[in-house]
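Numbering (our numbering), first residue to last: 5 to 399.
Every residue gets a Cβ at the ideal spot worked out from N, C-alpha and C, and that includes glycine.
Worksheet for the structure shown next.
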Amino acid sequence: MPISENRWLLPDGVQELLPPDAATVEKLRARLIELHDRWGYDLVMPAMMEFRDSLLTGTAHALEQKTFALVDQSSGRLLGLRSDMTPQVARIDAHQLAEQRPISRLCYCGHLLHARTDGLDPNRTPLQLGAELFGHAGIEADIEIVSLMIETLRAIPLQRIALDLGHVGLFRGLFAASGLDARLEGRLFDMLQRKSIPELKAFLAELDLDEGRRRQFCELALLNGGVEILDEAREIFADAPPACRAALEQIETVARAVAERYPDVHIHCDLSELRGYDYHTGLVFAAFLPGQGREVARGGRYDDIGKVFGVARPATGFSTDLLVLHGLSQRTQAERAGILAPNLTDPELMTLIAQLRADGERVIIDLTGGRLSAAEQGCQQIIEKDGGRWVVYEV
């Protein structure tokens, strides 16, 4: 079929919402923003596009392949359409809020545009919702963000949440102490992420490493399970750099806090989890649900992201795709039934319509002059005159 006959088609991975899903998602968005507000997080609305070098500054370079580029006809400079709002929020904090706010809590919700799909997720227009906490380096900030992520998922509501905890400091600390050439870091990283144990062992056997350090790299790939694996990890990494032992303590502190606050949340520790390795600087975490092949929310610590904007601040946060959460909630509502009103300019009728709408009712004016029934126009009630008064009747 000629392209001209397919003008109604959307590009691959681009989706739109129709009634009643659009209204359901909007109500969900408002409810979650209100939840974040009650936690002290102020809403920001970053621009859909910025100069591309701003969007891809610093740790955001990992987004380069996902970011659409176009030329600004006003300035001639290259623009980018946002593929992640976190760098934008970091810029807002560093450039406009840091001086007034020693600790800044910000939340956001808006569409992203991805130039390419993200592995298992074919959607290129996610509706990203998230929260960021700037200015506090303590583990208390990480606990607050993890807790807010869990509360966000419970508000959908989603049940049987599993929390996955990791820390990029473990691998970074081990590699820094190994004395290996920096060019080998990427290869080791890849093998750990794939948990390719035979390949990892063969690779490590070729390197100039003492046996203890070689064993620690191998064990890192195997240490995943319940919180109890942290005791085993402390023994394995007893002679590891202080940064490694500090990372284990942080994971355990967060796990304890979550277990106390949310005893129904299953906690899993994966010490080789290096999600966002080029981006994160400390604790990383993700939320999973049974039957889902990928996380439904994720986050972590990414200190000093604002340095390139003039202010280096501790930072931690999480984000999720509101469209994914809506799909998992199974709370799509039926289209809301309305009240059908005659198309007249009677003052008393207009007053009644205004009052009904003020009370939250959905009132639809019958523009068809009765040619379509109330049901055909999505209404279960009608307004008719009875004894000189306008009255609402069930159909």
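- Relative to the Cα of E68, the nearest Cα in the group L85, I201, D76, W12 belongs to L85.
- Residue pairing of P346 in beta bridges, as defined by DSSP: D370.
- Between the C-alpha atoms of Q92 and L117 there is a straight-line separation of about 14 Å.
- With a cutoff of 8 Å on beta-carbon distance, F207 and M195 are scored as near each other.
- Ranked by Cα distance from L371, the options R109, T349, R218 are led by T349.
- In this chain, the beta strand (DSSP E) harbouring D274 covers 270-274.
- Pairing K70 with E232, the inter-Cα distance amounts to about 38 Å.
- Taking the C-beta atoms as reference points, V269 is found nearer than 8 Å to I154.
- Under the DSSP assignment, K311 falls outside any alpha helix (DSSP H); it carries neither an H nor an E label.
- Using a C-beta cut-off of 8 Å, the region 297-317 makes no contact with the region 355-367, since fewer than three inter-stretch Cβ pairs fall below that distance.
- When DSSP assignments are scanned along the region 150-237, the uninterrupted stretches of beta strand (DSSP E) that are 3 or more residues long and fall wholly within it turn out to be 166-171.
- Contact between the region 25-41 and the region 106-113 is present: 3 or more CB-CB pairs across the two stretches fall below 8 Å.
- For T129, the closest of L332, P15, A237 by C-alpha to C-alpha distance is P15.
- The alpha-carbon separation between E236 and L278 amounts to approximately 20 Å.
- One thing to note: A244 has its Cβ within 8 Å of the Cβ of Q220.
- For V288, the secondary structure class from DSSP, reduced to helix, strand or coil, is strand.
- Contact between the region 135-149 and the region 321-332 is present: 3 or more CB-CB pairs across the two stretches fall below 8 Å.
- Restricting attention to A181, F175, I201, P202, the CA atom closest to the CA of G190 is found in F175.
- Judged by DSSP in its simplified three-state form, D97 adopts helix.
- For S108, the beta-bridge partners assigned by DSSP are F138.
- For C248, DSSP records no beta bridge to any residue.
- R238 and L252 have their C-alpha atoms some 7 Å from each other.
- Segment contact: the region 255-263 against the region 212-226, fewer than three CB-CB distances shorter than 8 Å; contact not assigned.
- Annotated three-state conformation of T129 is coil, per DSSP.
- Following the DSSP letters along the chain, one finds R305 inside the beta strand (DSSP E) bounded by residues 301-305.
- The C-alpha of L13 lies about 18 Å from the C-alpha of R120.
- G303 and Q384 have their C-alpha atoms some 46 Å from each other.
- Exclusion of the five residues before and after P23 leaves E339 as the residues of its chain whose Cβ lies within less than 6 Å of its Cβ.
- Counting other Cβ atoms within 10 Å of its Cβ, D97 reaches 16 or more and is therefore classed as buried.
- For S58, no beta strand (DSSP E) run applies; the uninterrupted alpha helix (DSSP H) run containing it begins and ends at 56-59, by DSSP.
- Counting only the Cα atoms, L344 lies some 10 Å from V399.
- Short of 6 Å from the beta carbon of A94, and not among the five residues preceding or following it, lie these beta carbons of its own chain, in chain order: I309, G310.
- Closest by C-alpha distance to V396, out of R265, E380, I368, G373, is I368.
- In the same chain as A159, and ignoring 5 residues on each side of it, the C-beta atoms closer than 7 Å to its own belong to R35, L36, L39, in chain order.
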